[in-house]
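In this note's numbering, each residue carries its 1-based index in the sequence shown increased by 110. Note that the Cβ used here is the ideal one computed from N, Cα and C, for glycine as well. Quick caveat, the model's predicted, so the values are computed rather than measured. Have a look at the structure below, then the notes.
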Amino acid sequence: MRFFLMVITLLAMTSLSAANPAMPQMTVSGEGRVTVEPDMATVRLGVVTEARGARQAIDENSRAMADVLERLAGLGIEARDLQTADFSVQPRWSRTETGGRSQIEGFSARNLLVVRVRDLARLGDVLDAVASDGANAFDAIQFGLSDPAPLHAKARRAAVDDAKAKAELYADAAGVALGPLISLSEAGGTRPPMPVARAEMAMASDAVPVAAGELTVSARVTLVYEMGPAE
């Protein structure tokens with residue numbers, strides 16, 4: 111009797127499997143982009159001084175950097191937006207002919223500061239002011255967004271809409287029904303600034319001209335749909 115029941119069960123499972131074969135799937139990808147102008151900038155600037163002795167090089171560097179920090183504070187840059195990135199003191203060796211022995215002829219002190227400028231309209235003035243107060247090293251300017259979250263959300267929605275539109279188009283072209291969504295995965299980020307010629311901003315007649323360009327916030331998604339029978 112048990113054997114007979116097992117046979118009936120196996121036959122029922124086989125019949126059910128044949129009536130519901132695994133449905134084919136469709137995998138599509140989509141991309142969404144939002145292009146905006148940056149609203150903040152991060153600048154690496156600093157002071158480099160040279161002197162005969164290490165102590166003298168450090169003292170001169172410290173005085174110049176103190177002037178730069180004071181000027182930045184006067185321009186409304188808050189302490190939370192200032193961070194020392196590097197401080198070093200290196201010997202400066204004399205040049206000699208081949209086979210000669212070089213000697214230390216002085217020292218170089220280098221103090222680099224990362225400055226976050228939240229009011230982008232004042233960036234040119236900030237650069238001009240600190241250069242006047244002793245900053246003589248400018249390593250990089252990086253533009254960014256103070257609150258990128260809403261733009262990421264907008265890019266994600268656009269990416270999903272793009273993928274859905276592709277899936278509907280492919281299903282219609284292939285003459286099949288588009289079934290339920292099975293899975294969704296994402297990969298994305300903020301792309302580097304895209305320079306735009308019109309973005310040059312001279313905030314004042316004597317300010318440093320700055321080209322802020324644009325930022326592209328992008329998102330990429332992959333959707334997997336179940337496909338129904340051919341229509």
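* Asked: Does at least one heavy atom of the ligand SAH sit under 7 Å from the Cβ of T152?
  -> Among the components of this structure there are no ligands whatsoever, and the ligand SAH is therefore not found.
* Asked: Which stretch, first to last residue, makes up the beta strand (DSSP E) that contains S198?
  -> 192-203
* **Through-space distance from A151 to Q193, alpha-carbon basis** => 14 Å
* If you check the beta carbons only, do A329 and A269 fall under 8 Å apart? -> yes
* Over the uninterrupted alpha helix (DSSP H) stretch that includes D238, give me the two end residues. => 233-242
* What does a CB cutoff of less than 6 Å around I292 pick up in its chain, not counting 5 residues either side in sequence? -> V334, E336
* **Residue environment, V138, which counts as buried when at least 16 other CB atoms sit within 10 Å** => buried
* E58: which of A283, K274, A284, R266 sits nearest, CA to CA? -> Because residue 58 is not part of the residues shown, which for the chain are 111 to 341, the question remains open.
* Please work out which residues of its chain come closer than 6 Å, Cβ to Cβ, to R232, disregarding the five sequence neighbours upstream and downstream, and give them in chain order. => none
* Would you check if the distance between the CB atom of L255 and the CB atom of D149 is smaller than 8 Å? => yes
* Taking Q135 as part of the alpha helix (DSSP H), name the residues at either end of that continuous run. => Taken as a continuous stretch (DSSP letters only), Q135 belongs to no alpha helix (DSSP H), being part of the beta strand (DSSP E) at 135-146.
* **Reduced DSSP category for I251 - H, G, I as helix; E, B as strand; rest coil** => strand
* Output the distance between the C-alpha atoms of V286 and A277, rounded to the nearest integer angstrom. => 11 Å
* Residues that DSSP places opposite I214 in a beta bridge -> W203
* To do: State the CB to CB distance for the pair V327 and V144, rounded to an integer number of angstroms; the pair is presumed to be in contact (CB under 8 Å).
  => 5 Å
* **Cα-Cα separation between I251 and V153, rounded to whole angstroms** => 5 Å
* Assigned secondary structure, L223 (DSSP; H/G/I helix, E/B strand, else coil) -> strand
* Just confirm the distance between the C-beta atoms of V157 and L237, as a whole number of angstroms; I'd bet it's less than 8 Å. => Not a contact, Cβ separation roughly 14 Å.
* Asked: Is DSSP giving A273 helix, strand or coil here?
  -> helix
* Asked: Count the other CB atoms within 10 Å of the CB of M133; is the residue buried (16 or more) or exposed (fewer)?
  -> exposed
* **Beta-carbon spacing of F253, L155 below 8 Å** => no
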